[in-house]
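Sequence lines, in order, name chains D and G.
Position one of the first sequence corresponds to residue 1 (the numbering used here), numbered consecutively onward.
Position one of the second sequence corresponds to residue 1 (the numbering used here), numbered consecutively onward.
Backbone N, C-alpha and C define an ideal beta-carbon position, used for all residues, glycine too.
2 protein chains.
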Amino acid sequence: MNIGQAAEASGVSAKMIRYYEQIGLIEPPARSQSGYRVYAEQNVHTLRFVRRARSLGFSVEETGALLALWRDRSRASADVKALALKHVAELEEKAAALQAMATTLRHLASHCHGDRRPDCPILDEIGAGS
Amino acid sequence: MNIGQAAEASGVSAKMIRYYEQIGLIEPPARSQSGYRVYAEQNVHTLRFVRRARSLGFSVEETGALLALWRDRSRASADVKALALKHVAELEEKAAALQAMATTLRHLASHCHGDRRPDCPILDEIGAGS
DNA sequence: GCTTGACCTTCCTATCATGGGAAGGTGTAG
DNA sequence: CTACACCTTCCCATGATAGGAAGGTCAAGC
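Next comes the structure, spelled out in structure tokens:
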């Protein structure tokens with residue numbers, strides 16, 4: 001399987017597969033005589049794991065830690081759970097921060113007439129600072 | 001006022017003040033004979049506006065649009081409100097995406113014993129892909 | 001066999017916002 | 001006069017991703 005097919009099968013772009021290899025997140029695959037990367041089903045499996053971890057908001061570095069745990073059959077499930085819950089806390093913190101911004105801004109907007117007149121409490125408040 | 005004092009007074013780092021000037025977000029300030037940037041109270045006011053807009057999650061580019069609206073006394077408040085509400089929608093979308101990740105992951109974690117045994121549904125599920 | 005087009009390779013560049021640091025000039029207090 | 005804090009510009013790094021250029025490879029069709 002060439003990189004394009006591995007990309008198709010895993011949902012990770014060829015560009016990103018090469019990048020993940022370059023930074024050491026995944027193992028360099030076999031090469032054909034002409035230098036093409038050759039992927040086996042196992043590699044695609046790993047790539048899918050990476051894609052799914054990324055889609056759950058894990059950074060590439062955290063994904064590397066998860067991969068190591070995935071491959072280490074002797075680690076305690078408590079280690080994995082701790083990592084996951086720590087990440088949940090970070091995600092919820094970020095979500096709350098964004099939601100707080102949205103709420104503040106929505107509040108400011110609710111005081112703005114939104115007509116043709118120029119006076120606007122949104123800009124007034126941003127300008128007043130806090 | 002030198003850049004350090006302007007940074008202190010506005011809450012924007014000296015590094016970022018120079019950067020904002022370089023990309024054209026803010027006007028180049030006056031310079032002293034020796035080439036030091038010299039800021040007036042008005043400049044600090046603008047910097048505070050920028051800091052506050054950034055803290056509400058507006059990108060630098062959007063902040064530039066807000067600044068233009070702020071300075072244009074003839075614009076309709078509806079224009080500002082539309083921009084603000086569009087941004088609110090984007091913020092809430094991002095917040096919801098993060099919260100969805102957190103919820104999924106918390107769900108996975110709830111099925112993990114979290115003890116010394118190695119079997120862990122979190123990694124199993126990430127590996128299984130979806 | 002030869003051409004064409006799809007694919008692969010590496011390498012360089014960009015994004016966005018921010019910080020770090022080097023090398024060198026300035027300003028001020030002791 | 002010296003020390004130290006501050007300023008200047010310039011370059012580099014981050015994290016994850018995309019775009020593109022220049023050149024090699026492979027398979028299908030003529």
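#1: The alpha helix (DSSP H) spanning PHE49(D) covers which residue range?
#2: Against ARG106(G), what residues of chain D qualify as contacts under a CB-to-CB distance less than 7 Å, listed in chain order?
#3: Can you tell which of THR104(G), LEU66(G) and MET1(G) has its C-alpha closest to the C-alpha of ALA53(D)?
#4: Starting from the beta carbon of GLY114(D), find every residue of chain G whose beta carbon is closer than 7 Å, and list them in chain order.
#5: When burial is assigned at 16 or more other CB atoms within 10 Å of the CB, is GLY35(D) buried or exposed?
#6: Closer than 8 Å between beta carbons: that is the criterion. Which residues of the region 47-67 of chain G meet it against chain D?
#7: If we count Cβ pairs, one from each stretch, closer than 8 Å, do we get three or more for the region 13-26 of chain G versus the region 112-129 of chain D?
#8: Judging by CA-CA distance, which residue of VAL44(G), ALA109(G), GLN33(G) and PRO118(G) is the nearest neighbour of MET1(G)?
#9: Does the region 71-80 of chain G touch the region 75-85 of chain D, meaning 3 or more C-beta pairs lie closer than 8 Å?
#10: Beta carbon of ALA138(D), beta carbon of ALA95(G): below 8 Å?
#11: Along chain D, in chain order, which residues have C-beta atoms closer than 8 Å to that of ARG117(G)?
#12: Please say whether LEU91(D) and ILE126(G) have beta carbons closer to each other than 8 Å?
#13: So ARG48(G) and GLY4(G) are supposed to be a Cβ contact under 8 Å. How far apart are they, rounded?
#14: Tell me whether GLY64(G), by its Cβ, gets closer than 7 Å to a heavy atom of the ligand NAD.
#15: Just to confirm my understanding: we take GLY64(D), look at its own chain, exclude 5 residues before and 5 after, and list those with CB closer than 7 Å. What are they?
#16: Answer yes or no: does any C-beta atom of chain D fall closer than 8 Å to that of LEU98(G)?
#17: Let me know the secondary structure DSSP gives ALA30(G) once reduced to three states.
#18: Going straight from the alpha carbon of GLU93(G) to that of GLN99(D), what length do you get?
#19: Does ALA7(G) have its Cβ less than 8 Å from a Cβ in chain D?
#20: By the 10 Å Cβ neighbour count, where 16 or more other Cβ atoms means buried, how is VAL38(G) classified, buried or exposed?
#21: Quick check: what's the CA-CA separation for CYS120(G) versus LEU83(D)?
#22: Looking at ALA97(G): is its Cβ nearer than 8 Å to the Cβ of VAL88(D)?
#23: Can you tell me whether VAL60(G) is helix, strand or coil according to DSSP?
#24: What residue from PRO118(G), HIS107(G) and THR46(G) has the CA that sits closest to ARG73(D)'s CA?
Considering the structure as presented:
#1: Residue mapping note: residue 49(D) aligns to position 49 of the first sequence, counting from 1. DSSP places PHE49(D) in the uninterrupted alpha helix (DSSP H) bounded by 41-55.
#2: By 1-based counting over the second sequence, the position of residue 106(G) is 106. The answer, in chain order, is VAL88.
#3: Numbered from 1 along the first sequence, position 53 holds the residue referred to as residue 53(D). In terms of CA proximity to ALA53(D), THR104(G) leads the group THR104(G), LEU66(G) and MET1(G).
#4: For the purposes of this step, residue 114(D) is identified with residue 114 of the first sequence, where counting begins at 1. Within chain G, the residues near GLY114(D) are SER77, ALA78 and LYS81.
#5: Here residue 35(D) corresponds to residue number 35 of the first sequence, with the count starting at 1. By the 10 Å Cβ count, GLY35(D) comes out exposed.
#6: ARG48, PHE49, ARG51, ARG52, ALA53, SER55, LEU56, GLY57 and LEU66
#7: no
#8: Here residue 1(G) is taken as the residue at index 1 of the second sequence, counted from 1. Per the Cα distances, VAL44(G).
#9: no
#10: In the structure as shown, chain D starts at 1 and stops at 130, and residue 138(D) therefore has no counterpart that could be examined.
#11: Within the second sequence, residue 117(G) is the residue found at index 117, counting from 1. Simply ALA76 and SER77.
#12: For the purposes of this step, residue 126(G) is taken as the residue at position 126 of the second sequence. For the purposes of this step, residue 91(D) is taken as the residue at position 91 of the first sequence. Contact: no.
#13: Within the second sequence, residue 48(G) is the residue found at index 48, counting from 1. Within the second sequence, residue 4(G) is the residue found at index 4, counting from 1. A Cβ-Cβ separation of about 16 Å leaves ARG48(G) out of contact with GLY4(G) under the 8 Å criterion.
#14: For the structure depicted, the ligand NAD is absent and the ligand set is empty, with no information on it obtainable.
#15: The residue labelled residue 64(D) in the question sits at position 64 within the first sequence. Apart from the 5 residues on each side of it in sequence, GLY64(D) sits with its Cβ closer than 7 Å to the Cβ of LEU25 in its chain, given in chain order.
#16: Translated into the one-based positions of the second sequence, residue 98(G) becomes position 98. Closer than 8 Å to some Cβ of chain D, the Cβ of LEU98(G) qualifies, so yes.
#17: Your numbering for residue 30(G) matches position 30 in the second sequence. Strand.
#18: Position 93 of the second sequence, counted from the first residue, corresponds to residue 93(G). Position 99 of the first sequence, counted from the first residue, corresponds to residue 99(D). Spanning the two alpha carbons is a distance of roughly 9 Å.
#19: Against the second sequence, residue 7(G) aligns to sequence position 7. ALA7(G) does not count as touching chain D.
#20: For the purposes of this step, residue 38(G) is taken as the residue at position 38 of the second sequence. Classification of VAL38(G): exposed, given that the 10 Å Cβ count is below 16.
#21: Locating residue 120(G) in the second sequence gives position 120, where the first residue counts as 1. Locating residue 83(D) in the first sequence gives position 83, where the first residue counts as 1. One C-alpha to the other measures close to 12 Å.
#22: Within the second sequence, the letter at position 97 stands for residue 97(G). Within the first sequence, the letter at position 88 stands for residue 88(D). Going by C-beta atoms, ALA97(G) is not nearer than 8 Å to VAL88(D).
#23: Translated into the one-based positions of the second sequence, residue 60(G) becomes position 60. In the structure shown, VAL60(G) sits in a helix (DSSP, three-state: H, G or I).
#24: The residue you call residue 73(D) lines up with position 73 of the first sequence. Taking each of PRO118(G), HIS107(G) and THR46(G) in turn and checking the Cα distance to ARG73(D), the smallest one comes out for PRO118(G).
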